[in-house]
Every structure is written in C-alpha cells, then in structure tokens.
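So the protein sequences, as listed, match chains A and B.
Per numbering that gives the first Met the number 0: the first sequence = residues 0 to 259.
Per numbering that gives the first Met the number 0: the second sequence = residues 0 to 209.
Below: the structure, in structure tokens.
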Amino acid sequence: MKQRATESTVIEFRDVAYTLPNHQRLLSGLNLQVKRGETLVLLGRSGSGKTTTLKLINRLLIPSAGDVLVNGSSTSKTDVIQLRRSIGYVIQEVGLFPHFTVEKNIGLVPRIEGWPADRIRGRVEELLQMVGLESKLGSRYPHELSGGQRQRVGVARALAADPAILLMDEPFGALDALTRDQLQREFLALQQRLNKTVVFVTHDLREALRLGSRIALMETGRLITVLPPEDFLRSTDPLASAYAQAFAEASVPAANRGTS
Amino acid sequence: MNLFHFILQNHEQVLELTLEHLWLVGVSTLLAVLIGIPLGIVSARWPAWNRPVLGAANIIQTIPSLALFGFLLPVPWLGDRADRLAILALTLYALLPVIRNTYTGIRGVDPAVVEAGRGMGLTDSQLLLQVELPLSLSVILSGVRVAVVVSVGLATIAAAIGAGGLGEFIFRGLAMVNNQLILAGAIPAAILALSADFSLGLIERRLRPR
C-alpha cells in the first residue's frame with residue numbers, strides 16, 4: 000500500500016515504528032503520506048496507535064525505527080522547537096494555561112517569538128473572531144469558560160503563529176453532542192478558509208466521515224487502510240466494514256430494530 | 000513579678016534576642032530556598048536525581064538537632080562562630096520541606112498543560128519559568144512555610160551552642176528552674192512561629208492557581 004511521495008506531500012512516515020522502553024510495541028511498519036491542505040483522519044479505538052502517530056509528527060515522541068518527514072526533511076534533523084512552533088497542536092484536554100488570561104494563552108507563541116505587542120493584540124482579536132468568541136472573553140481566565148469555549152481558545156492558540164500544519168487529538172471528544180456538532184461545522188468552515196494540512200485523531204466514525212478528506216484506519220499499532228470517506232462505508236476490508244456496520248446499527252432508531 | 004512585668008523590664012533584651020532569632024531563621028530559610036528549589040526542580044525534571052536528593056534531605060532530617068549542632072562544632076570555619084553553625088544546621092533541616100514541595104508542586108502540574116506547552120514549542124526553560132514554576136508556587140511556598148515554622152522552634156536549641164536567639168531565655172530558665180524565664184523565651188518564639196505561619200499562609204492562598 001506504499002504510495003509515492005509527491006511535492007504536495009507535507010508529512011511522510013517511512014517504515015516508522017515506536018516501541019516503549021519496556022519493549023511494548025505501540026506502532027510498527029507505518030507508511031503514510033499527508034498531502035497539503037487535506038484533513039487526514041486517524042481513526043481507531045484506544046490503543047490503536049493513532050495518538051502515538053500524531054505525537055511522532057511534532058516529535059513529542061521519537062520514532063524507534065524509520066523516519067518522519069515534515070516538508071521533505073526528517074524531523075530528526077530539524078530543530079525541535081522550531082518544528083513545534085510551525086505546527087499547531089490541539090488536544091482533548093485543551094491544556095490551557097490556567098494562570099494566563101485567554102488573550103495571554105492565545106498570544107503565547109507570538110510573544111516568545113518576539114512579535115511586537117500591538118501585532119499580538121491584533122492577531123488575538125482576529126483569532127477570537129475566527130473561532131467565534133467575543134473579544135471581551137479575552138480578559139477572562141480559562142476556568143471562567145465553558146468546555147466549548149475552552150476548546151475554541153485551544154484552536155485559536157494553535158493557530159496563533161499561522162502554522163501550515165495542525166495536529167488535533169480528539170479535540171471535540173470531551174464536549175456534549177450539540178457543542179461537538181457545532182464545533183465540527185465551524186471546523187469545516189474554518190478549514191475551507193484556511194486550508195491547513197490537518198491530521199485529526201478520533202475514535203468516532205461519524206466525525207471521521209464528516210471531517211476527513213481521507214480516513215486512515217488503525218488497529219493495534221498498524222495502519223489497516225486509507226480511504227476517502229465516500230468509499231469507507233462500502234469498503235470490503237473486514238475492520239472497515241465492522242466499523243461501518245456498528246455505525247449503521249447506531250444510526251437506526253430503536254423503534255425500527257427487529258425484535259429478534 | 001509576673002511574666003508581663005519581666006518582659007517589660009527586659010524589653011531591650013527580649014527585642015535583641017527576638018531579632019537574633021529572626022536573623023537565624025531568616026538567613027537559614029533564605030539559604031534553604033536558594034538551594035532547595037533548584038534541587039527540587041532537578042529531581043522533578045530528572046527522575047534519576049529524585050531518590051538521592053530526597054533521600055539525603057530525609058536522612059538529615061532524622062539527625063537529632065542537638066547532635067547535629069555538636070557534629071558541626073569541630074568544623075574549622077564554621078565552629079569559629081556559633082551563629083554560622085546554627086544557620087548551617089537550620090538550613091539543612093529546612094531543605095527537606097522546600098525540596099519536597101518543589102518536587103511535588105512541579106510534578107503536580109496538570110500533564111495536559113505541560114503537553115500543550117511542549118507541543119507549542121516552549122523550550123525547557125520557558126516551560127519551567129512561564130508554566131511549571133508559576134503553577135506550583137503555592138505548593139512551594141507551603142513548603143517554605145513549614146520550614147520557617149520548624150526553624151523558629153529549632154532555633155531555640157541554637158542557644159545551646161551559644162548562637163543566641165530566644166533559646167537563651169529558655170536555657171537560662173531551665174538552669175535556674177525559673178518558669179517565667181522559660182516562658183519569656185517560649186512565648187515570643189511561639190508568636191513568631193504563628194505570625195510567620197499566618198502571613199505566609201495568606202500569600203500562599205493568593206498564589207494558588209484557580
């Protein structure tokens with residue numbers, strides 16, 4: 000299933016494995032390319048290796064074998080701080096700095112990159128608007144926000160220095176269904192405007208189908224298949240069709256189910 | 000003559016001994032903070048350092064204070080002046096709470112916050128100075144608070160080696176079987192400990208992250 004890397008490839012995994020110090024293998028033989036401007040969804044259950052895959056991109060984890068390339072150069076040969084600052088990172092727990100206001104949270108990377116204060120202020124303002132937050136929220140502290148607002152701030156913070164790549168680890172996983180639906184919708188609108196290269200981790204097929212340009216299905220540390228969403232439900236791959244079946248059953252209202 | 004009269008009549012000496020006491024506690028606490036916080040940071044960052052550092056501080060804590068003063072007496076430069084010696088001993092005792100709370104405070108920072116910080120490209124020192132230390136400040140300060148309160152009590156023993164402080168009254172009172180004299184040392188020491196505890200507690204609450 001090896002593809003050829005083309006000039007539109009932004010992130011590339013070459014025979015990547017990741018093993019814990021206790022020899023437990025979390026990821027093996029991963030070959031995968033992410034293309035410019037696409038949203039690649041890593042789909043799988045917990046323990047399938049999707050978060051590990053994500054963290055190998057910004058080098059929060061270091062591959063035990065193989066090579067991860069970002070923009071054509073190996074992440075092992077790139078300055079890790081510069082690499083991370085050029086990649087937005089959003090996690091489920093958000094991880095906002097509780098002692099910083101919303102403004103300061105969003106403006107942190109620009110600040111340590113040495114932007115002038117008024118440029119930071121303008122950028123924060125722009126980002127708050129972009130993620131649908133009122134600018135008066137800028138002076139609040141994270142604990143004064145709702146879960147959905149917090150995750151919006153998380154996204155704004157990741158976008159602050161305008162990275163070309165965005166890594167999102169179940170960003171909407173902890174939100175209630177309505178807020179999640181709304182944020183997914185806004186994500187699609189935002190992505191249409193910004194055209195980032197996004198790698199998005201989720202265990203939710205509905206979310207994967209809705210947001211993904213392609214879906215990479217993972218299981219026990221291996222990549223099973225990569226499919227566009229329109230092919231996913233028709234796939235003959237046993238794991239993909241198991242997902243599709245569970246999805247179909249969950250979508251049928253209880254009243255219509257057989258009484259067997 | 001009751002205690003109140005005694006203190007009034009000897010207020011100059013009470014004040015002098017109180018200031019000596021504060022000097023012993025203040026300098027030793029400052030040293031313990033200057034040494035203990037970096038050691039706490041090191042043991043939080045590099046787990047290999049955790050055992051030796053906390054272990055050593057723990058062992059020091061188990062040495063009886065009178066014995067520690069005695070052990071240090073023959074050390075050349077230190078033994079020359081009793082207050083140097085007392086300050087060193089008090090510093091050693093104050094290290095454990097400072098190191099332990101620095102370690103606990105940094106380790107207790109929400110892992111998601113640390114991960115987000117790393118993922119955003121903060122360097123180790125940026126992460127430490129902008130995130131980890133500010134968020135563990137209240138825990139560190141509560142360690143300092145424990146150190147101060149313990150030091151105020153321990154510093155009374157420093158009088159046994161002639162380092163001064165409110166212990167002078169206590170030891171003199173013990174020798175003369177004079178309860179008033181003992182209380183003239185013990186009560187100001189207790190007031191010192193309580194007010195240090197209270198004021199540091201106030202600061203600690205203000206620093207506590209939401």
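Quick reminder that beta carbons are idealized off the backbone N, C-alpha and C, glycines included.
Treat the numbers as computed from the prediction; the structure is a model and nothing was measured.
Using three-state DSSP, classify T18(A) as helix, strand or coil. Within the first sequence, the letter at position 19 stands for residue 18(A). Looking at T18(A) - three-state DSSP - the assignment turns out to be strand.
Beta carbon proximity, T211(B) to chain A, threshold 8 Å: The requested residue 211(B) is not part of the displayed model; chain B covers only 0 to 209.
According to DSSP, is S47(A) part of a helix, a strand, or is it coil? Counted from its first residue, the first sequence places residue 47(A) at position 48. Here S47(A) sits in coil by DSSP.
Could you name the residues that DSSP lists as bridge partners for I295(A)? Past the edges of chain A, shown from 0 to 259, lies residue 295(A), and the structure says nothing about it.
Nearest CA to the CA of L59(A): which residue from E203(B), T122(B), S137(B)? Taking the first residue of the first sequence as 1, we reach residue 59(A) at position 60. Nearest option by C-alpha distance: T122(B).
Closer than 7 Å between beta carbons: that is the criterion. Which residues of the stretch 45–66 of chain A meet it against chain B? N57, L59
Cβ shell of A195(B) (< 6 Å), same chain only, five flanking positions each side left out: In the second sequence, the residue the question calls residue 195(B) occupies position 196. Cβ within range, chain order: V147.
Chain-order list of residues whose beta-carbon lies under 6 Å from that of E167(B) (same chain, five-residue window excluded): The residue given as residue 167(B) occupies position 168 in the second sequence. Hits under 6 Å: L16, A158.
Would you mind working out which of L222(A), E37(A), S234(A) sits nearest L189(A), comparing C-alpha positions? Taking the first residue of the first sequence as position 1, residue 189(A) is located at position 190. Checking every option, the nearest Cα to that of L189(A) belongs to E37(A).
Between M0(A) and the rest of its own chain, which residues show a CB-CB distance below 6 Å, the 5 nearest in sequence each way excluded? In the first sequence, counting from the first residue as 1, residue 0(A) sits at position 1. Residue placement at M0(A) is flagged as unreliable, the pLDDT there being 46, under the threshold of 50; a coordinate-derived value is accordingly withheld.
Opening and closing residue of the alpha helix (DSSP H) in which A173(A) lies: For the purposes of this step, residue 173(A) is identified with residue 174 of the first sequence, where counting begins at 1. Segment: none, A173(A) is in no alpha helix (DSSP H) and carries neither H nor E.
Anticipated Cβ contact below 8 Å, Y17(A) with T51(A), distance rounded: Within the first sequence, numbered from 1, the residue matching residue 17(A) stands at position 18. Within the first sequence, numbered from 1, the residue matching residue 51(A) stands at position 52. Correct: roughly 5 Å between the Cβ atoms.
Taking Cβ-Cβ distances shorter than 9 Å, what residues in chain B pair up with I90(A)? Taking the first sequence and counting its residues from 1, the one referred to as residue 90(A) is at position 91. What I90(A) touches in chain B: A111, E114, A115, G118.
Excluding the 5 residues flanking V225(A) on each side, which residues of the same chain have their C-beta closer than 6 Å to its C-beta? By 1-based counting over the first sequence, the position of residue 225(A) is 226. The residues are R213, A215.
Taking the alpha helix (DSSP H) that F3(B) falls in, what are its first and last residues? Here residue 3(B) is taken as the residue at index 4 of the second sequence, counted from 1. 2–8 is the span of the alpha helix (DSSP H), which, as asked, contains F3(B).
Could you check whether R139(A) and T100(A) sit closer than 8 Å to each other, using their CB atoms as the reference points? Position 101 of the first sequence, counting from 1, holds the residue named residue 100(A). Position 140 of the first sequence, counting from 1, holds the residue named residue 139(A). For T100(A) and R139(A), yes; Cβs fall inside 8 Å.
According to DSSP, simplified to helix, strand and coil, what is E133(A)? The residue labelled residue 133(A) in the question sits at position 134 within the first sequence. Coil.
Between R110(A) and R149(A), what straight-line distance do the alpha-carbon atoms span, to the nearest angstrom? Numbered from 1 along the first sequence, position 111 holds the residue referred to as residue 110(A). Numbered from 1 along the first sequence, position 150 holds the residue referred to as residue 149(A). Roughly 20 Å between the two C-alpha positions.
Inspect the CB distances between the stretch 138–154 of chain B and the stretch 108–128 of chain B and report whether three or more fall short of 8 Å. no
Chain A residues whose Cβ lies nearer than 9 Å to that of L134(B): Mapped onto the second sequence, residue 134(B) falls at position 135. Within chain A, the residues near L134(B) are F96, P97, H98.
Any chain B beta carbon closer than 8 Å to S138(A): Counting from 1 along the first sequence, the entry for residue 138(A) is found at position 139. Chain B, which has no Cβ nearer than 8 Å to the Cβ of S138(A), makes this no.
Step through the CB atoms of chain A and report whether any lies within less than 8 Å of the CB of V130(B). Here residue 130(B) refers to the residue found at position 131 of the second sequence. Yes, V130(B) counts as interfacial toward chain A.
Is the closest heavy atom of the ligand ATP to the C-beta of E203(B) under 7 Å? Looking for the ligand ATP in the displayed structure turns up nothing, as the structure carries no ligands at all.
Just mark H142(A) as buried or exposed, buried being the case when its beta carbon has 16 or more other beta carbons within 10 Å. For the purposes of this step, residue 142(A) is taken as residue 143 along the first sequence, with counting starting at 1. So H142(A) ends up on the exposed side.
Does the Cβ of F231(A) have 16 or more other Cβ atoms within 10 Å, making it buried, or fewer, making it exposed? As a first step, residue 231(A) is located in the first sequence; it is residue number 232 there, counting from the start. Buried, because 16 or more other Cβ atoms sit within 10 Å of the Cβ of F231(A).
Is the stretch 95–109 of chain B touching the stretch 64–78 of chain B in the sense that three or more CB pairs, one from each, lie closer than 8 Å? no
Can you tell which of G107(B), S135(B), I169(B), L23(B) has its C-alpha closest to the C-alpha of R83(B)? Residue mapping note: residue 83(B) aligns to position 84 of the second sequence, counting from 1. Ranking the options by Cα distance to R83(B), first place goes to L23(B).
Can you tell me which residues form a DSSP beta bridge with F70(B)? The residue labelled residue 70(B) in the question sits at position 71 within the second sequence. Paired residue(s): none; F70(B) is not in a bridge.
Rounded separation between A43(B) and L95(B) - CA only: The sequence position of residue 43(B) within the second sequence is 44, counting from 1. The sequence position of residue 95(B) within the second sequence is 96, counting from 1. Between A43(B) and L95(B), the C-alpha separation is close to 14 Å.
So, helix, strand or coil for F197(B), using DSSP? As a working mapping, residue 197(B) is identified with position 198 in the second sequence. Of the three classes helix, strand and coil, the one that applies to F197(B) here is helix, per DSSP.
Please report how far the alpha carbon of L53(B) lies from the alpha carbon of P133(B), in whole angstroms. Translated into the one-based positions of the second sequence, residue 53(B) becomes position 54. Translated into the one-based positions of the second sequence, residue 133(B) becomes position 134. Near 22 Å, if we compare the C-alpha coordinates of P133(B) and L53(B).
Where does V108(A) land, buried or exposed, given buried means 16+ other C-beta within 10 angstroms? In the first sequence, counting from the first residue as 1, residue 108(A) sits at position 109. So V108(A) counts as buried.
Using a Cβ-Cβ distance cut-off of 8 Å, determine whether Q179(B) contacts chain A. The sequence position of residue 179(B) within the second sequence is 180, counting from 1. Judged by the 8 Å Cβ criterion, Q179(B) is not in contact with chain A.
Test item: CB-CB of A85(B) and I186(B) under 8 Å: Taking the second sequence and counting its residues from 1, one reaches residue 85(B) at position 86. Taking the second sequence and counting its residues from 1, one reaches residue 186(B) at position 187. Not closer than 8 Å, so no.
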